[in-house]
Amino acid sequence: MANRKSKKAPFGLRLLTGIRTYGWIGVALAVAVLAISAIGSREAAHVATIAPVVLPLPDGEALVVEDELLDLLAASFTKPMNELTLGDIDIERVEEVLEGQAFVADADAFVDDDEQLNIIVTQRVPLLRVIAENGQNYYLDEDGVRMPLSETYTARVPVASGNVVLWSDDFMDHEDHQLRQLVDLAHYLRKDEFLNALVEQIYVNSKGEFVLAPKVGDQVIYLGRYHETKTQERLRRLKTFYREGLPYEGWRKYKSFDLRFSDQVVAKKR
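Shown next, in the form of structure tokens:
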């Protein structure tokens, strides 16, 4: 049997197919070149503006202001930020520098299409202020992170005073550490609307017991040593006593309330 020769497409059709194939490749290469050129041009451009935004604390106040953040960035880079090209700016480095500021919990930075460096800062939320007899004076935030005092703002939080132990960087890892107990107690007070409005100060006496001072009146409230379950039960008894007992007698008649005894509040009159 004779071999059949394979039929070839007409030359014109093969030429048109080749032009189409290589034409698309050419278009793709052209697009890639333009994209690389655009990226290179953008990276060579300078930062047009810097726009830091500090999200306010729950009470609307701020521990840190935008100008402080700009000064911090200026001191952390070799050139002023507006002299840096977009290619020179390491966004992770910007965020890292800002998060090293004592009052900053989180920082997000990005450059938009207008070549503006946007910075959004979330502040640490003060939970407790420590003014100890050993001379230490600082804030603890909601995560137990130590913060210095602010020159522009005084947080309205309970004050822990008296025989407060020295700060250590790992105290949140130990449930029996006094500072950890103070943080836990402050969280419990904050979550309870009544107790949050009642308690102004937590005094630590020489025995390591907690004594509460209310915002109104000059009574003292003996809470005793901290124990999560017992302490919460004692505070529930205190709330019941304030709501059911005091309105009839009048809180001015009392000089102290003692919660250290089981299932009762021992009220001492003046």
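Take any residue in the sequence shown, count from 1 to its spot, add 1290: that is its number in our numbering.
Heads up, the beta-carbon is just placed ideally off N, CA and C, and yes, glycines get one too.
- A straight line joining the alpha-carbon of V1344 with that of R1560 spans about 49 angstroms.
- In its own chain, leaving out the 5 sequence neighbours on each side, no residue places its CB closer than 7 angstroms to the CB of A1365.
- Within its own chain, the residues whose Cβ lies closer than 8 angstroms to the Cβ of V1449, once the five positions on either side in sequence are excluded, are L1418, R1419, V1420, I1421, E1490, Q1491, I1492, listed in chain order.
- One thing to note: V1337 has its Cβ within 7 angstroms of the Cβ of M1371.
- Proximity of the region 1381-1393 to the region 1431-1450 meets the contact definition, three or more beta-carbon pairs being nearer than 8 angstroms.
- Scanning its chain for C-beta atoms nearer than 7 angstroms, with the 5 sequence neighbours on each side dropped, one finds around S1496 the residues N1453, in chain order.
- The beta-bridge partner set that DSSP reports for S1451 consists of I1421, Y1493.
- Of the other Cβ atoms in all chains shown, fewer than 16 fall within 10 Å of the Cβ of V1556; this residue is therefore exposed.
- Every unbroken stretch of the beta strand (DSSP E) spanning 3 or more residues and falling wholly within the region 1337-1419 is given here in chain order: 1339-1345, 1394-1401, 1406-1413.
- For D1431, the enclosing beta strand (DSSP E) covers residues 1427-1431.
- When P1346, L1388, G1377 are compared, the shortest CA-CA separation from D1361 is found for L1388.
- Secondary structure at F1551: coil, using DSSP grouped into helix, strand and coil.
- Residue state for R1446 is assigned as coil, using DSSP reduced to three classes.
- Apart from sequence neighbours up to five positions away, the residues of its chain that approach R1524 with a beta-carbon distance below 8 angstroms are L1513, G1514, L1549, R1550, ordered along the chain.
- In the structure shown, K1543 falls within a helical segment according to DSSP collapsed to helix, strand and coil.
- Listed as beta-bridge partners of P1504 by DSSP are V1489.
- With a threshold of 16 other beta carbon atoms within 10 Å, Q1554 falls short and is exposed.
- For L1456, the secondary structure class from DSSP, reduced to helix, strand or coil, is coil.
- Separation of L1353 and V1447 (C-alpha to C-alpha, rounded to the nearest whole angstrom) is 14 angstroms.
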